[in-house]
Amino acid sequence: MINTTVPNPARIYDYFLGGKDNFPADRQVADQVLAIAPVAREVVEDNRAFLRRAVRVLTREAGIRQFIDLGSGLPTQGNVHEIAQAIAPDARVVYVDNDAMVVTHSRALLAGDNTIAIQADLREPDVILGHPEVRELIDFDQPVALLLVAILHFIPDDQDPLGIVARFRDALPTGSYLAISHGTRDIPVRPDISAEVMAEMGARVERLYQQTTAFIVTRTRAQVGRFFDGFELLDPGLVEIQLWRPGDESSMLPGGFYGGVGSKR
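Counting in our numbering, the sequence shown runs from 22 upward without gaps.
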């Protein structure tokens, strides 16, 4: 049973992106976030643009044909399979989310040739890695791209996020890739907002997310970088998301997210 009275980060994210798969409780928190931090919608759009750019690079330049999108969230425009299969029609994509509504919508809207959605929790890597549908679609003898976009900041330190990522890493063959974006407590320098105001906005937004089904745990650049242990970062390294191989769709204004893509050594 889906509880629509408790705000959910995936549905809040959907609302920021202009989606319709959200409820009054989600919209109430989202509007409060926007009142505190009007840049929130811009940051979410930049994060989605980072995902699209990373998938294009992995498909076109790295030759990846298998993707596992952990914490995939509600379907929106520019989903992983759409980006990858536009370049390589044989690309295979697994969407994973622990939210029943997300998975139901994903199955209805996204499922097709070489694309599946499963309900599972990224905090249980062995369940995902051993899932029969995942095993049927993904060949773990061939390189895989693991996508953890705007999800690890919902995993507190006491749930061992580093160990979770390491378990996935160890299951991937050499030549696989890891893409991460992550909210940060580092204060970005913007020409339009002072550091003090940015810090206060960030703290107030974090407090708002305590009303939802998942708290936000922001991390420093050094802390986010530890998730890439065992991976070699592609240029330009771990940077603010809009600076990672920017294109016309990027705002170029920092918003408190780091992003990077690494290859498994």
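All C-beta atoms, glycine included, are put in the ideal place defined by N, C-alpha and C. Note that this is a predicted model, so its numbers are computed, not measured.
- Taken through DSSP and simplified to helix, strand or coil, L167 comes out as strand.
- Between R74 and I108, the CB-CB gap reaches or exceeds 8 Å.
- The shortest C-alpha to C-alpha distance from F88 to any of A200, T205, A220, R225 is the one to A200.
- The Cβ neighbour count for S215, taken over all protein chains shown within 10 Å, is under 16; the residue is labelled exposed.
- Only residues of its own chain outside the window of five on either side were considered, and among them A112 have a CB closer than 6 Å to the CB of Q106, listed in chain order.
- In this structure, the beta-carbon distance from Y198 to S284 falls below 8 Å.
- Look at the beta carbons and you see the region 238-250 touching the region 180-187: at least three pairs across the two are nearer than 8 Å.
- A straight-line Cα-Cα distance of about 13 Å links E82 and G196.
- By the C-beta criterion, the region 165-176 is judged not to be in contact with the region 119-127, since fewer than 3 inter-stretch pairs fall below 8 Å.
- Distance from the CA atom of Y116 to the CA atom of I137, rounded to whole angstroms, is 6 Å.
- Residue nearest to A58 within the set V50, E103, G223, Y230 is G223 (criterion: CA-CA distance).
- For the pair R156 and F71, the Cα-to-Cα distance works out to about 28 Å.
- Residue range 45-57 is occupied by the alpha helix (DSSP H) that includes I57, with no beta strand (DSSP E) assigned at that position.
- The DSSP-derived three-state label of H203 is strand.
- With 16 or more other Cβ atoms from the protein chains shown falling within 10 Å of its own Cβ, T205 counts as buried.
- Y34 has its alpha-carbon roughly 16 Å from the corresponding atom of V101.
- Counting of Cβ neighbours within 10 angstroms places A31 among the buried residues, the total reaching 16 or more.
- Within the region 85-110, the complete alpha helix (DSSP H) segments of 4 residues or longer fall at 101-108, listed in chain order.
- In the DSSP assignment, E63 falls within the alpha helix (DSSP H) that extends over 61-77.
- Of V282, W265, Q244, the smallest CA-CA separation from D67 is found for W265.
- Annotation: Q180 is outside any beta strand (DSSP E) and is labelled neither H nor E by DSSP.
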